[in-house]
Each structure stands twice: as C-alpha cells, then as structure tokens.
Amino acid sequence: MSREEGAGLHANSVKGISSMTAEEAFRLLFPDSGILAEVEWLRLAGGHRLRGTMAGKRRSSMLGGSQEFADYRPYAPGDDIRRLDWNVYGRTGRAYIRQYWDEQELHATMYVDGSLSMTFSGGAASTKLQVALRLASLISYAALAGEDRVEVRLFDQTGMADSLPPLHGRPSFMKLYRFMAEYYSGGVHSRRESRENGNASHSATRTTQSAVSDLSMPFREPGALPRRPGVSWLFTDAMFEKGIEETLLTLAAAGQRVVWVQLLSPEEVHPSWVGELNLIDSELATGKEVAVSERLLKQYRNEVAAYKDKLRNLCSERGAAYSFVDTSMPMQQIIRELVAQQGVLVR
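Residues -19 to 327 (this note's numbering) are what the sequence shown spells out, left to right.
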C-alpha cells in the first residue's frame, strides 16, 4: 500500500458523517431493532447487594416489601399483624413476623469515549464509536427493562461533552436512543472536520493533546461522577498514555463497580499494511512516515496483545470487569460473550 493510500483510507472512513442529521444517525446507529428482544431479559450484574430508595427488581441488603421471603423475627408491639405467620404460631405458640427482601433499583452509568480515535472503522463496517454507542444503548435497554436507573455521560478529548440525566422505565428508552444519535450526528465529528480544515489554533492543539493523553481528566470535572453507588460501564479504545488506573480508583471511590469495555477495530489488532506509509494521528491530524515490515507488524501485534493483558490485569486488581470487543463482530455475538463473562450481564 502506498503512502497516499494509507493516508486516504482513514479519512474516507468518516467522510460525510459530520453533516448527518439526527434521523440519519439514528438509522445508522440502530439498524436492527430485533436485537432488543435478545437483551430484554438480561440484567446488569451489580456485584453486591444494593441499597436504594426507589422500588426496582433487584434485591438489596434492606428488608422491605417484596414477595421474596428473607427470614423470621419475633413479633414486637407496633408490627403489622398482617406479617404474622399463623402457621408458625400454630406450631410453636409464638408470634413471628415474616420478613422479605426489599427490591431496589440499580443505578447504572454509561460512559462512552467520543474522542477522535473512536471514529476509526479499520476494516469493520462500523466505527468504534458506532459500536460503542450501539452497545451502550443495548445495555441501557436491559437495565431500563429491569426497572433500574440509567444515565449516560459522553466524553471526548476536551472533557465531558454531554450527558443524559437518569432515566427510569422502558418507555424512556427512545429518549436515550435519540440522545445517542444526536450526539453522533453533531458532536465529535464536527470538531474533527474543523481540525482537518485547519481551523484549530496551535495552542488549542497543545491543550487537546494533553487531554487526549490522560483519561482521568474528564472524570475530574465537577459533576462527572455518579451521585449514587452503582455500576459504571466505560466504553473506550483505551488509547491513553496515562490516567487509566486513576480513573478506576476514582470510580471505585465513588461507589462504582466498573465494567471496562475496550473496543478496537480489526486493523488495529491485526494490521496487514506493509511498505512506506504515512500514518495519521486521528486525534491531532498529524502524520508520520513509517517503513512497515512484516517484522514490525509482528512486534506491533505482540504489543497490542500485551496491552490488552495489562488492562485486564489492572481491572482485576481494582475489582473491575474487563471485556474486549472486536468491532467487526456481530452485535448478537458481542452480547452473548458479555453474558458468558461472569459478573457482567446475567439472564
């Protein structure tokens, strides 16, 4: 492949996206509604019993008014006599109250990385951002169908870019879908077009470069963290120089159980380009001429595999779940693999 072909392939992968309408983005992101039936009965793993204030379908550590029996305790003055177990009273002559598990909602937050590297498709039919938004929406649908609360926070190279306040109940799902589509049609891609046209200043580029290299920066912003304990899903390609461990610690300190979903395209995992190439930094639109040999490709693939293992081990050490997604995989297969992984999605 020539240098010109290497430079052009990446640019063409996002051509025209910045001018999309929200309706066009909606159809592009969510072409098949049939998959909703597959995820409707899935539930998000919370990692532990949860305390909450709103009724849901998830057992908490509080005793309350669900129909799932928990234990007995002796009757005390003031107790609701409707909770008396008359069968036990008939056998023992003692009054006992039946206690039930209180069913509480889980609070789930979807963090989606919308930085410019996520707009790369790299041999797949969809960009990493498309797959991330689609997958985050399906996970959110499963949570909403289970009467859990879901909020969405989108971040990019400049910080937290947009957010959707907590939603509850299946009817709110369409609001979430349209929010995702509107972001995709008018968000990060407009900034890409601006930078490629040379409108960004040199000082702005330096600031962006600093932000891109540190994942923790968006999570330091006021209001970036969930207000309630729960589970946070993070969808990203993890192309950051630093801040990954700090982000895991920050979310854990906020009472979050983290599910880290790393998305990479086929060409990022197993590139096949050989020759004199001009490799373009998708974040800064700067190029670098490189002579790529089979030996260099093998070394690169080994480095990618080692980085994935490093992320997996880091997540395990910090009590987070790690999942890898090849963006060329069908969405149904991605969901099935998440279900097969312990502590992520459950039927």
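Glycine included, each C-beta is placed from N, C-alpha and C at the ideal position.
Judged by DSSP in its simplified three-state form, P246 adopts helix.
Rounded to whole angstroms, I61 and T72 show a C-alpha spacing of 17 Å.
Nearest Cα to Q321 within the set Q312, M311, C295 and A301: A301. The three-state reading of DSSP puts T89 in strand, counting E and B together. Counting the other CB atoms within 10 Å of its CB gives D217 a total of 16 or more, which places it among the buried residues. Not a single unbroken stretch of the beta strand (DSSP E) spanning 3 or more residues falls wholly within the segment 90 to 135. In this structure, G149 is the residue among T138, G139 and G149 with its C-alpha nearest to the C-alpha of E131. Within the DSSP bridge table, the entry for D142 names L134 as partners. The alpha carbon of A17 has as its nearest neighbour, out of A125, A104, E283 and M90, the alpha carbon of A125. In the displayed model, W253 falls within coil according to three-state DSSP, outside both helix and strand. With contact defined as three or more Cβ pairs closer than 8 Å, the segment 227 to 246 and the segment 206 to 214 are in contact.
Approximately 22 Å separates the beta-carbon atoms of L24 and D142; this is outside 8 Å, ruling out the contact.
A234 sits in coil when the DSSP states are folded into three classes, being neither helix nor strand. Taking a 10 Å sphere around the C-beta of Q313, we find fewer than 16 other C-beta atoms and assign the residue as exposed. Judged by beta-carbon spacing, T227 lies beyond the 8 Å limit of L264, meaning their Cβ atoms are not closer than that value. Boundaries of the beta strand (DSSP E) harbouring G210: G210 to T216, taken from the DSSP string.
In this structure, the alpha-carbon of M140 lies about 16 Å from that of E162.
D289: member of the alpha helix (DSSP H) spanning E274 to E297, first to last residue. Counting along the chain, V19 sits inside no beta strand (DSSP E); it lies in the alpha helix (DSSP H) bounded by residues L16 to V19. When DSSP states are grouped into helix, strand and coil, R53 belongs to the strand group. Here the C-alpha atom of A204 lies approximately 35 Å from the C-alpha atom of N282.
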